[in-house]
Structures are given as structure tokens and as C-alpha cells.
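A quick write-up on the structure given underneath.
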Amino acid sequence: IKIESPDGGDPLRQWRKLYEGTSLWWYLQARNKKSVTVNLKHPEGVAIVKALAREADIVVENFRPGVLEKLGLGWEALSAENPGLVMLRLSGFGQSGPMAAQPGFGAIGESMGGLRYVTGFPDRPPVKTGISIGDSIAALWGALGAMMALRHREVNGGQGQVVDVALYEAVFAMMESLVPEFDVFGFVRERTGNIMPGITPSNTHTTKDGRHVAIGANGDAIFRRLLLAMGRQDLADDPSLADNAGRDARRDEVYALIDAWVMQHDEAEVLRLLAEAGVPASRIYSVADMFADPQFLAREMLQTVTLPDGRACRQPGIVPKLSETPGSTEWIGPALGAHTDEVLATLGYDAARIAALRAAGAI
82 IKIESPDGGD PLRQWRKLYE GTSLWWYLQA RNKKSVTVNL KHPEGVAIVK ALAREADIVV
142 ENFRPGVLEK LGLGWEALSA ENPGLVMLRL SGFGQSGPMA AQPGFGAIGE SMGGLRYVTG
202 FPDRPPVKTG ISIGDSIAAL WGALGAMMAL RHREVNGGQG QVVDVALYEA VFAMMESLVP
262 EFDVFGFVRE RTGNIMPGIT PSNTHTTKDG RHVAIGANGD AIFRRLLLAM GRQDLADDPS
322 LADNAGRDAR RDEVYALIDA WVMQHDEAEV LRLLAEAGVP ASRIYSVADM FADPQFLARE
382 MLQTVTLPDG RACRQPGIVP KLSETPGSTE WIGPALGAHT DEVLATLGYD AARIAALRAA
442 GAI
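Reminder that position 211 of the sequence shown reads as 292 in the working numbering, one-by-one numbering, no gaps.
Structure, rendered in C-alpha cells:
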């Protein structure tokens, strides 16, 4: 159940490319969600949220800290309605600390969490990833935390708890060895483009036909197979290249060799030779490539849904894939308030009361 403002709803409804006035992203992101419009500034709207909380396992919110408390819907209020409730609170900087009350979006979390500093090429300014990955990372940590809290409740008794996820911390938690390397060695990781210093080789290379392929041959045995596929038995037998430390010490030489070999072949030939050799490699896929790829199709990662006007539209399939309960798209992102009456009816509101709430501006 997704609670939205009666006045326009979630901004995502209007982001990116619109089809017949609604974002195609919305149709994907809000699939299988029930849209219920509630005016959180109306006393009856507050009562509706409390009634829903009494029936819920998890409440998810991403207001700035303190906003829900001012509305009478903070943790103390909702847990009083349902002591077993788990409340997932997603915010820019968490529920505590000197920055708690400041606004923050994914871009800010990616910047403060360290991701943008290390993303890009060394001679250019920091860049963002091609998607709003900070928001998605925070959502995944939040979902994991909520499941952990439910498991705790199941095993240790009926108490719920708050799961506090800050966008910057969600990104920061993904930053590999950034912190201990600085603490022990004073090493500040910088932007390095497509390579991974300290893990060699892993890079993107240009083919004879102007395409780009990623090759990840940083395992010792895999690197040897790559050299044999390149016809370099001499280097495959070179003990100084037999482990990662040796390869990384000769990083520039290794990448120059791979660049030169890849440039001699078309993309299809590079991928064929490396597949035969058991070396992980991939073209750099565009979405057009995905639509024609047999792996995507075999795994049902392009699912067809129907838009409100009857047009067919493909969306990404369900991830992860569960063997017994694989999941499906029951409906796409709904119209604003499409399920308000249905959900309120489950709480005992009759048609007359729902009409009165609507007339009063509570829903």
C-alpha cells in the first residue's frame, strides 16, 4: 500500500519520459502497489494511517526526520498503535547527528558517501553513475534491515523496532576497502576510469569495429587462459605475471597488450574467442542490445505489460527469482488513488463515510 498526497501524488509519476501524461518509470516502480490518497495534515487522514499501521508489519517512510512527529505519526505514535510494528525510516543523513534535519537525495548521498569522488577518469571532474543508484542502494539496505527486524520479532518476541537508513551511509557501506586503506596507509582512492587498481586486469577495450567489450581476467587461472587465447604462451609461462601482485606491478604493460589484441578483432570474434577460453567478457550493452539478447529472453527479464490505453509495453522482469514463489507483475503502477476505497473498506469504512472523507479533503 503506497500512501500518496491527493494533490498530485508521488513526483515520480511525472519524471523521465511520459506516456499519455504518466511516467513509464512510475508504471514500473509502482507495480503491484496499491495507491491510497491520504491528506496527512487532516485529522481523519492521520487516523487512517494509524488504522493501517495497526494492521501492518512494516511502515516505510522517507520524510525528513521530525516531519512525521509533527503530524502525530512518528515512531512513538505508531508503535503505540502496534507494538510489533517495524518502521523503516529512509532519509538523507539518518535520524540523528548534526545533519539529520537537512534534506538529502540520492545524488547527495552518492557524493557524501564517497561514490562520486572515485567515479570517472583521473584527469576529469567526478561524475555520477548513469542511474540514481544511491536511492536504490538505500532501498535495498532498508528492505534487508526490515526483514532482519521481522525475523527478530518472530524469534525473540513481539516487539518491533526502527530501521534507520541514511542515504549517505548506504552508499558509504558499499565502498569496499576505502576506509581501512586510508586509516592504515593514508591512501586516498582516486578516480581511475574503467580499471581497478590493485585488481588486474579488469577493463574495457575497443574492438576493431569500434565496439567496446569488458574483460575481467583478474583471477590467476583466468588470466593465463586469456594469454593463451591471445597466443601469448610466453607470457602465460612468465612467473612474474602468475599472481595479481605481479600483474598489477606491470599494469600498464598488461593493458597495452590486451588493448592491442582486442583491436585486431571485431567484437563478435573477441567474444567468441574469450567464451571458448573461459574468460569472462561482455559487450557493453545498450538497452537495444538487451531486447535482442537470448539470455535476457530466456530468463524472462523483458516482461510485457499492458498500459491503461491497451498498448503493450515491456518492463524488466522480477529479481530475484525464487524457485517456489517466483513473483509476477499483477498490475502496473496504478492511477492516483485507484485503491483508496478498496483499502479503506478493509478497515471498516463504508461508502458513505468514504464519501464524507473525500468531501472533507481527508482523502
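Using N, Cα and C, we set each Cβ at its ideal position, and we do this for glycine too. Quick caveat, the model's predicted, so the values are computed rather than measured.
Of the residues 192, 165 and 320, the one placed nearest residue 249, counting alpha carbons only:
Position 168 of the sequence shown, counting from 1, holds the residue named residue 249. Residue 249 has its Cα closest to that of 192, out of 192, 165 and 320.
Compute the distance between the beta-carbons of residue 138 and residue 155, then report whether it is under 9 Å.
Mapped onto the sequence shown, residue 138 falls at position 57. Mapped onto the sequence shown, residue 155 falls at position 74. Taking 9 Å as the Cβ cut-off, residue 138 and residue 155 do not qualify as a contacting pair.
Bridge partners of residue 103, per DSSP?
Sequence index remark: in the sequence shown, residue 103 carries index 22 (1-based). Bridge partners of residue 103: 100.
CA-to-CA distance, residue 259 to residue 429, given in whole angstroms
Numbered from 1 along the sequence shown, position 348 holds the residue referred to as residue 429. Numbered from 1 along the sequence shown, position 178 holds the residue referred to as residue 259. If you take the alpha carbons of residue 429 and residue 259, they lie about 53 Å apart.
Could you tell me whether the Cβ of residue 418 comes closer than 9 Å to any Cβ of chain D?
The structure shown has no chain D; it contains just one protein chain.
Looking at residue 95 and the ligand MN, is the gap between the Cβ and the nearest heavy atom below 8 Å?
The model on display carries no ligand, and the ligand MN is accordingly not part of it.
By Cβ distance, which residues of its chain are closer than 6 Å to residue 411, with the 5 residues on each side in sequence left out?
If you number the sequence shown from 1, residue 411 lands on position 330. Annotation for residue 411: 113 place their beta carbon closer than 6 Å to its own, counting only its chain and skipping 5 residues before and after.
Just to confirm my understanding: we take residue 149, look at its own chain, exclude 5 residues before and 5 after, and list those with CB closer than 7 Å. What are they?
Position 68 of the sequence shown holds residue 149. Around residue 149, the same chain offers 142 and 155 as residues with beta carbons nearer than 7 Å, after the five sequence neighbours per side are excluded.
Please classify residue 142: does DSSP put it in a helix, a strand, or coil?
As a working note, residue 142 is residue 61 in the sequence shown. It is a strand residue.
To the nearest angstrom, how far is the alpha carbon of residue 290 from that of residue 174?
Sequence index remark: in the sequence shown, residue 290 carries index 209 (1-based). Sequence index remark: in the sequence shown, residue 174 carries index 93 (1-based). Each residue's alpha carbon lies about 46 Å from the other.
Comparing alpha-carbon positions, which option in 161, 277 and 197 lies nearest residue 297?
Position 216 of the sequence shown, counted from the first residue, corresponds to residue 297. Nearest option by C-alpha distance: 277.
Have a look at 384, 422 and 431 and flag the residue whose alpha-carbon is nearest the alpha-carbon of residue 444.
Counting from 1 along the sequence shown, the entry for residue 444 is found at position 363. Comparing Cα positions, the closest option is 422.
Could you check whether residue 160 and residue 241 sit closer than 9 Å to each other, using their CB atoms as the reference points?
Your numbering for residue 241 matches position 160 in the sequence shown. Your numbering for residue 160 matches position 79 in the sequence shown. Taking 9 Å as the Cβ cut-off, residue 241 and residue 160 qualify as a contacting pair.
Quick one, which of 245, 279, 274 and 426 has its alpha-carbon nearest residue 257's?
Numbered from its first residue, the sequence shown carries residue 257 at position 176. Nearest option by C-alpha distance: 279.
In terms of alpha-carbon separation, which member of 208, 171 and 147 lies closest to residue 182?
Position 101 of the sequence shown, counted from the start, is the residue given in the question as residue 182. Considering only alpha carbons, the answer is 147.
Where the beta strand (DSSP E) containing residue 168 begins and where it ends
For the purposes of this step, residue 168 is identified with residue 87 of the sequence shown, where counting begins at 1. Its beta strand (DSSP E) spans residues 167-172.
Threshold first: 3 residues or longer. Then list the beta strand (DSSP E) segments lying entirely within the region 225-310, N to C.
243-247, 283-287 and 293-297
For the structure I just gave you, are there three or more beta carbon pairs, one from the region 126-140 and one from the region 401-420, closer than 8 Å?
no
In this structure, what does DSSP give as the bridge partners for residue 383?
Stepping through the sequence shown from its first residue, residue 383 is reached at position 302. For residue 383, which the question treats as bridged, DSSP gives the partners 397.
Span of the alpha helix (DSSP H) around residue 435
Taking the first residue of the sequence shown as position 1, residue 435 is located at position 354. Per DSSP, residue 435 belongs to the alpha helix (DSSP H) from 432-440.
Candidates 319, 91 and 244, of which the one nearest residue 111 by Cα
What you label residue 111 is simply residue 30 of the sequence shown in a count that begins at 1. Residue 91 is the option with its Cα nearest to residue 111.
Under 9 Å, do residue 323 and residue 340 count as touching if we go by C-beta distance?
As a working mapping, residue 323 is identified with position 242 in the sequence shown. As a working mapping, residue 340 is identified with position 259 in the sequence shown. Cβ distance not < 9 Å, so residue 323 and residue 340 don't count as in contact.
What does the alpha-carbon distance come out to for the pair residue 218 and residue 303?
Stepping through the sequence shown from its first residue, residue 218 is reached at position 137. Stepping through the sequence shown from its first residue, residue 303 is reached at position 222. If you take the alpha carbons of residue 218 and residue 303, they lie about 30 Å apart.
In its own chain, which residues sit with a C-beta less than 6 Å from the C-beta of residue 415, not counting the 5 before and 5 after it?
Taking the sequence shown and counting its residues from 1, the one referred to as residue 415 is at position 334. Closer than 6 Å at Cβ, skipping near neighbours: 116.
Bridge partners for residue 118 per DSSP, in chain order?
As a position in the sequence shown, residue 118 is number 37, starting the count at 1. According to DSSP, which records beta bridges pairwise, residue 118 is partnered with 85.
Among 346, 375, 227 and 306, which residue has its Cα nearest to the Cα of residue 286?
Sequence index remark: in the sequence shown, residue 286 carries index 205 (1-based). Looking at the Cα atoms, 346 is the closest of the given residues.
What does a CB cutoff of less than 8 Å around residue 109 pick up in its chain, not counting 5 residues either side in sequence?
By one-based count along the sequence shown, residue 109 stands at place 28. 396, 397, 413 and 414, listed in sequence order.
Ignoring anything shorter than 4 residues or poking outside the region 170-226, list the alpha helix (DSSP H) runs there in chain order.
187-193
Can you check which of these residues, 394, 152, 403 and 425, is closest to residue 106 by C-alpha distance?
Taking the sequence shown and counting its residues from 1, one reaches residue 106 at position 25. Closest option to residue 106, Cα to Cα, is 394.
How many Å lie between residue 204 and residue 363 at the Cα?
Position 123 of the sequence shown, counted from the start, is the residue given in the question as residue 204. Position 282 of the sequence shown, counted from the start, is the residue given in the question as residue 363. The straight-line gap from Cα to Cα measures roughly 26 Å.
Counting C-beta neighbours from all protein chains within 10 Å, is the total for residue 254 16 or more, i.e. buried, or is it exposed?
As a first step, residue 254 is located in the sequence shown; it is residue number 173 there, counting from the start. So residue 254 counts as exposed.
With C-beta atoms as the reference, is residue 153 less than 9 Å away from residue 187?
To locate residue 153, count along the sequence shown from 1; it is residue 72. To locate residue 187, count along the sequence shown from 1; it is residue 106. No, the pair does not count as a contact, with Cβ atoms beyond the cut-off.
Would you list the one or two residues that DSSP bridges to residue 364?
What you label residue 364 is simply residue 283 of the sequence shown in a count that begins at 1. Paired residue(s): 294.
Helix, strand or coil, according to DSSP, for residue 402 in the structure here?
Position 321 of the sequence shown, counted from the start, is the residue given in the question as residue 402. Of the three classes helix, strand and coil, the one that applies to residue 402 here is coil, per DSSP.
When you compare each of 329, 236, 274 and 271 to residue 282 by their alpha carbons, which one comes out closest?
Residue 282 sits at position 201 when you count from the first residue of the sequence shown. Comparing Cα-Cα distances from residue 282 to each of 329, 236, 274 and 271, the minimum goes to 329.
Does residue 423 come out as helix, strand or coil in the three-state DSSP assignment?
Numbered from its first residue, the sequence shown carries residue 423 at position 342. Here residue 423 sits in helix by DSSP.
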